[in-house]
Amino acid sequence: MTTMNTTTEAAVSKPAKLTSKQLPKATPWIVAVASILVAIVISFIAFGGFNIPVVAVLAGLINAIAVFAVSASYEGRRKAVDRIATTIVTSTFVLACVPLISLLWLTVSKGGAAISGDLLTRTMLGMKGVLDQQYVAGEATLAGGFYHAIVGTVLITLAACVISIPIGVLTAIYLVEYSNKNRLGKAITFLVDVMTGIPSIVAGLFAFALFSTIANVLLPGAAGIAKTGFTAAVALSVLMIPIVVRNTEEILRLVPMDLREASYALGVPKWKTIVKIVLPTSVSGILSGVTIAIARVIGETAPIMVTAGFAKTLNWNLFSGWMSTLPTFIYDSQLRPVSPGAAALASSERAWAAALVLVALVMVLNLLARIIAKVLAPKAGR
Amino acid sequence: MPISTQTTESGPTGPGSTPESGQKPPQSPATRQQKAVVRPGDRIFSAATLIAGILILVILAGVALFLLAQSKDTITAQISDPSQITGGKGFFSYVWPLVIGTLISAAIALIVATPFSLGIALFTTHMAPRKLAPVLGYVIDLLAAIPSVVYGLWGIALAGNLTGFYLWLSKWFGWIPIFAPAADGSVSQTGRTLLTASLVLSIMILPIITSLTREIFLQTPRLQEEAALALGATRWEMIRMAVLPFGKSGIVSATMLGLGRALGETMAVAMILSPGVLTASLVVSGNQTIASEIAQNFPEAAGLRLSELITVGLVLFVITLLVNMGARAIVARTSVKGS
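Protein chains in written order, with numbering that gives the first Met the number 0: chain A, 0 to 381; chain W, 0 to 338.
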């Protein structure tokens, strides 16, 4: 009883503070600027000049230490730890943006410098090292182009879509509407997950192995004919199907059960309910998922190069002869230039121009997916 | 046309309680009859979806089977005369340096990428201004959208800038075997080493680990977070006490999925790395990964060499399969526990 009284009296005599000391909001910024300045000074003294990576690393370290010291001395240790954690976590994000910006900048500057309408409309037909040497010597414009690669990319990706979208969407429908979480459904879900992890080059090897086995049976000794655009499309489908299934499945599960039940209650058969109610409700999600899948596989290189080779010329036929796509064109140009030595620069420039086109294509597809998801989304309730 | 009902509802006393009597309007929903009417359209449609599902099983089995079928030549050569295999010492002495190289590059990529991914995921879920967070998440997703061949091109263009850094590493940390310089004290002149390739790989797997951990962090029970804050925890203490323990298993499986991706990534390594024999040091040229070995040699390969490369691909397939299955098993185990 007496102890109770004393504690109460103590509390009354010294009113509890509801707030603790806190640094002004501008403090972190001031500390950051100060540590950058210190880092620059150190860089001049110790490294004899302004060295961006050194300054960045030093500034980061000094900033972390300074923030901790300032905060610990004024606000207390716990707040200091919080501040330093915030600083570190924020800097991981900033650091991750560095390669992204560098990559996009390099692609736009290098590709933008090289690209021209001619590159987009010509193929590598009749390309000779001499032409590149003339270009590097400044006597001619950049020869060659990657029209054939653009055509190949579009054809192979379309063929892959034709194969994988029906399989992917139907599988997702099976999983959501029919499987009732039975054994087969669980097995498919698990294997789709596993399929997502198949290395792209293994998918390519599979398609090649499949078609060269078939070719060996049909025409012994002619395994070479297995390398076609269609083989590449099959390889891409192996990569694309699991993405389509996963995205579609996720969307279908979002369709409210009430809609299905309302339809059943009106006596609509199950298949018609799926086709007329479930799919239209989720069409925006499915389409945007498919677009994401296309964006993913359109940049694949490894499966194409083992299944469709490296074509130098235009080939519209998916079922015979080698084909080139933008990624394989980039790889081939960069690593096996038309002309060795200094004139390899010309091949490299073509590669960067193709990279710009490819990156732009992928970005547009990603953007399109977002737009589709927004525009076609079912109208919300009243 | 008779009005057909999916789940015919008819009371036991109601007239025409057989499913066929579709003309009858639904009776009072007192009792439900389980048996549904099956129409041809239903049969066809469900069969189509079932076939599509089974096709997935067939494809995955086909991947293993056809790779095995094409590996036949290698296996027979290995049994009859191992010296035919590249390297002249049989398949296993050919493949193990590749496996080690693959594991090393994937491990480095993972070690670099995981802390960054966790940081970015935390930043976008708990620290960034709420309105900005989705945009920032999209920026990181852009990293995933960029094709690997462009990463390769970028890596080649910038690899040379790393030689100074590698020289510095070998000077100060040369006593660690992985940073040891070559016998004459030099490092790779082009910078196209396994370390460069692994660093580029780490950037490529960063968005995958980030997006998976972000999902997990977003699922942290809000009440727990708010309870921690209400008890006076700072934001970091809240993250350490509520968010990270909740997401622990998710982080592990996200990292393993990133590992699976790093193991199978081909183009960046194939373009950046100038391959060579297996060496402990990562700042001199040398080493090779499975995927890159296939990509660099496949276009010219024929006969036994072709079969060898496909067999190597089978090895890669098995490794990534094990890693991915492990990751999924962790996810499955924890999701059962969590519910």
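Think of the CB as a built atom: it goes at the ideal place given N, C-alpha and C, for glycine as much as any other residue.
Because the structure is a prediction, the values reported are computed rather than measured.
- Taking the CA atoms as reference points, Ser-92 of chain W sits about 20 Å from Thr-319 of chain W.
- Under the Cβ criterion (8 Å, minimum of three pairs), the stretch 60-73 of chain W does not count as touching the stretch 280-300 of chain W.
- The way I'd put it, the stretch 102-110 of chain A doesn't touch the stretch 74-90 of chain A; fewer than three beta-carbon pairs between them come closer than 8 Å.
- In the structure shown, Thr-156 of chain A adopts helical secondary structure according to DSSP, grouped into three states.
- Take Ile-155 of chain A, set aside five residues on each side of it, and the residues of its chain with a beta-carbon closer than 8 Å to its own are Gly-228, Ala-231, Ala-232, Leu-235, Ile-303, Ala-307, Leu-317, Met-322, Thr-324, in chain order.
- Restricted to the stretch 103-132 of chain A, not a single beta strand (DSSP E) segment is unbroken, complete and at least 3 residues in length.
- Only Ile-55, Leu-56, Ile-58, Leu-59, Gly-61, Val-62, Phe-65, Leu-66, Ala-68, Gln-69 from the stretch 55-79 of chain W bring a Cβ to less than 8 Å from some Cβ of chain A.
- Under the 8 Å criterion on CB atoms, Pro-339 of chain A is classed as non-interfacial with respect to chain W.
- Scanning chain W for C-beta atoms nearer than 9 Å to the C-beta of Ser-199 of chain A yields Ser-147, Gly-263, Glu-264, Thr-265, Met-266, Ala-290, reported in chain order.
- Contact annotation: Val-296 of chain A and Glu-248 of chain A have beta-carbon atoms that are not nearer than 8 Å.
- With a threshold of 8 Å between beta carbons, Gln-21 of chain A makes no contact with chain W.
- At a cut-off of 8 Å between C-beta atoms, Phe-229 of chain A does not count as an interface residue with respect to chain W.
- Exclusion of the five residues before and after Leu-54 of chain W leaves no residue of its chain whose Cβ lies closer than 6 Å to its Cβ.
- Unbroken alpha helix (DSSP H) stretches of 4 residues or longer found wholly inside the stretch 45-87 of chain A: 51-73, given in chain order.
- Near chain W, meaning a CB-to-CB distance below 8 Å, the residues of the stretch 134-165 of chain A are Pro-165.
- In the three-state reduction of the DSSP assignment, Thr-48 of chain W falls in the helix class.
- A direct Cα-to-Cα measurement between Ala-106 of chain W and Ala-196 of chain W gives close to 12 Å.
- When the beta-carbon positions are compared, Ile-64 of chain A and Val-37 of chain A stay at least 8 Å from each other.
- For Arg-38 of chain W, a Cβ of chain A is located within less than 8 Å of the residue's own Cβ.
- At least one C-beta of chain W is nearer than 8 Å to the C-beta of Leu-334 of chain A.
- Distances from the CA of Leu-59 of chain W to each of W:Gly-325, W:Ile-329, W:Phe-316 were compared; the closest alpha carbon is that of W:Phe-316.
- Ala-179 of chain W counts as buried, since no fewer than 16 other beta carbons sit within 10 angstroms of its beta carbon.
- Residue contact with chain A for Arg-234 of chain W: present (Cβ-Cβ distance below 8 Å to some residue of chain A).
- Bounds of the alpha helix (DSSP H) holding Pro-96 of chain W are 90-121.
- Going by DSSP, Ser-346 of chain A is part of the alpha helix (DSSP H) stretching over 343-374.
- For Tyr-73 of chain A, the closest C-alpha among the options A:Lys-20, A:Val-289, A:Gly-128 is that of A:Lys-20.
- Within the stretch 265-329 of chain W, the runs of alpha helix (DSSP H) that reach at least 4 residues and sit entirely inside it are, in chain order, 266-271, 289-296.
- In chain order, Thr-48, Leu-49, Ala-51, Gly-52 make up the part of chain W whose C-beta sits under 7 Å from the C-beta of Tyr-173 of chain A.
- Boundaries of the alpha helix (DSSP H) harbouring Ile-215 of chain W: 193-217, taken from the DSSP string.
- Under a criterion of Cβ atoms nearer than 9 Å, the residues of chain W adjacent to Trp-270 of chain A are, in order, Arg-38, Gly-40, Asp-41, Arg-42, Ile-43, Phe-44, Ser-45.
- Not a single CB atom of chain W sits nearer than 8 Å to the CB of Pro-27 of chain A.
- The beta carbon of Met-266 of chain W sits closer than 6 Å to those of Ser-147, Val-148, Gly-151, all from its chain and outside the five residues before and after it, given in chain order.
- Residue-level contact by beta carbon fails for Pro-255 of chain A and chain W, as no gap is shorter than 8 Å.
- Against Phe-189 of chain A, the close residues of chain W are Met-324, Arg-327, Ala-331, in the order they occur along the chain (beta-carbon pairs closer than 9 Å).
- Rounded to the nearest whole angstrom, the C-alpha separation of Ile-309 of chain W and Lys-271 of chain A is 45 Å.
- Contact annotation, Thr-48 of chain W with Tyr-173 of chain A: C-beta distance approximately 4 Å; criterion of less than 8 Å satisfied.
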